[in-house]
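Chemist: Numbering (the UniProt record's numbering), first residue to last: 1 to 183. Handing you this structure, nothing more for now.
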Amino acid sequence: MTLSGGCAVTGASVLAARRTTPGQTTLGLIGRLAAAAVADAGLEPAEVDDVLSPELTATPLAAAISDVCDMSGTSVGDIDLFALYDCYSIMPALTFEDAGLCAKGEVGPWLLEQDFSHTGNVPTNTHGGQADLAGGMSHLVEAVRQLRGEGGPRQVPDAELALVTGNGATLGEEVALVMGAER
């Protein structure tokens with residue numbers, strides 16, 4: 001199994017983030033755009049116990065994504081790349097539906113019409129996702145690399161906004177981040 005090594009994330013104010021030395025990844029709670037920075041994070045716990053999602057085809061991601069877009073002044077249509085937690089094969093499909101990119105129940109035909117590669121119309125998990133890299137914070141790290149223009153041969157052209165998601169407790173808890181690159 002290929003592993004991407006260790007990583008850590010530190011939060012900072014915009015001023016502190018801008019004072020970092022070149023080569024450092026800067027993450028901080030800010031407005032719409034900053035140097036590879038977290039715009040805002042939305043967390044929406046399920047309204048059931050912390051083990052099960054209320055339905056198989058509806059996750060708390062819909063509310064988390066809506067909240068984070070509202071907080072960051074963005075919309076899903078503004079997103080240049082998606083780093084979606086894909087612990088189960090159904091999760092990206094549910095996430096696309098919950099984000100409003102396609103109607104509930106219409107994800108199958110919608111998926112067939114999209115290009116998810118780094119040069120496609122919906123660049124998704126350009127690092128290979130969990131199937132390729134295990135888990136942890138690989139989605140967050142990949143989004144930062146993409147926003148900093150460090151994606152190498154898989155670089156998403158002109159990437160300025162990323163949506164990063166995570167889930168836990170068997171779809172009972174979801175988190176969404178909108179990250180932006182300062183240009």
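Yeah, the Cβ is synthetic: ideal placement off N, Cα and C, and Gly gets one too. Just so it is clear, the structure is predicted and the values come from calculations on it, not from any experiment.
1. Relative to the alpha-carbon of Q114, which residue among A131, A93 and G129 has its alpha-carbon at the smallest distance?
2. Helix, strand or coil, according to DSSP, for T119 in the structure here?
3. Taking only the alpha-carbon atoms, compute the straight-line gap between L81 and F96 and give it to the nearest angstrom.
4. Looking at the unbroken alpha helix (DSSP H) that takes in G151, where does it start and where does it end?
5. Could you tell me the alpha carbon to alpha carbon distance between A83 and G149, rounded to whole angstroms?
6. Less than 6 angstroms between C-beta atoms, sequence neighbours within five positions excluded: which residues of the same chain meet that for A62?
7. Please say whether E174 and T59 have beta carbons closer to each other than 7 angstroms?
8. How would you write the range of the alpha helix (DSSP H) that E97 sits in, first residue to last?
9. With the cut-off set at 7 angstroms, would you say A162 and L147 are in Cβ contact?
10. Tell me the DSSP secondary structure of M179 in three-state form.
11. What span of residues does the alpha helix (DSSP H) with L84 cover, start to end?
12. Between the alpha carbons of R154 and F116, how many angstroms are there, rounded?
13. Excluding the 5 residues preceding and the 5 following H118 in the sequence, name in chain order all residues of the same chain whose CB lies nearer than 6 angstroms to its CB.
14. Which stretch, first to last residue, makes up the alpha helix (DSSP H) that contains I65?
Modeler: Reading it off the structure:
1. Walking along the sequence shown from the start, residue 114 turns up at place 114. Measuring from the Cα of Q114, the nearest candidate turns out to be A93.
2. Translated into the one-based positions of the sequence shown, residue 119 becomes position 119. Residue state, collapsed to three classes: coil.
3. Translated into the one-based positions of the sequence shown, residue 81 becomes position 81. Translated into the one-based positions of the sequence shown, residue 96 becomes position 96. Roughly 12 angstroms between the two C-alpha positions.
4. Position 151 of the sequence shown, counted from the start, is the residue given in the question as residue 151. Here G151 belongs to no alpha helix (DSSP H), and DSSP marks it neither H nor E.
5. On the sequence shown, residue 83 is found 83 positions in, with the first residue counted as 1. On the sequence shown, residue 149 is found 149 positions in, with the first residue counted as 1. Distance between the alpha carbons of A83 and G149: 15 angstroms.
6. For the purposes of this step, residue 62 is taken as the residue at position 62 of the sequence shown. These residues qualify, in order along the chain: D98.
7. Within the sequence shown, numbered from 1, the residue matching residue 59 stands at position 59. Within the sequence shown, numbered from 1, the residue matching residue 174 stands at position 174. Yes, the Cβ-Cβ distance between T59 and E174 is below 7 angstroms.
8. Numbered from 1 along the sequence shown, position 97 holds the residue referred to as residue 97. E97 -> alpha helix (DSSP H) spans M91 to D98.
9. Here residue 162 is taken as the residue at index 162 of the sequence shown, counted from 1. Here residue 147 is taken as the residue at index 147 of the sequence shown, counted from 1. Against a cut-off of 7 angstroms, the Cβ pair of L147 and A162 comes out as a contact.
10. The residue labelled residue 179 in the question sits at position 179 within the sequence shown. Residue state, collapsed to three classes: strand.
11. Reading the sequence shown from its first residue, position 84 is the one you call residue 84. It is not in any alpha helix (DSSP H) - L84 carries neither H nor E in the DSSP assignment.
12. Reading the sequence shown from its first residue, position 154 is the one you call residue 154. Reading the sequence shown from its first residue, position 116 is the one you call residue 116. Computed Cα separation, rounded: 12 angstroms.
13. Indexing the sequence shown from 1 puts residue 118 at position 118. Hits under 6 angstroms: T126, R154 and V156.
14. Here residue 65 is taken as the residue at index 65 of the sequence shown, counted from 1. Residues L61 to S72.
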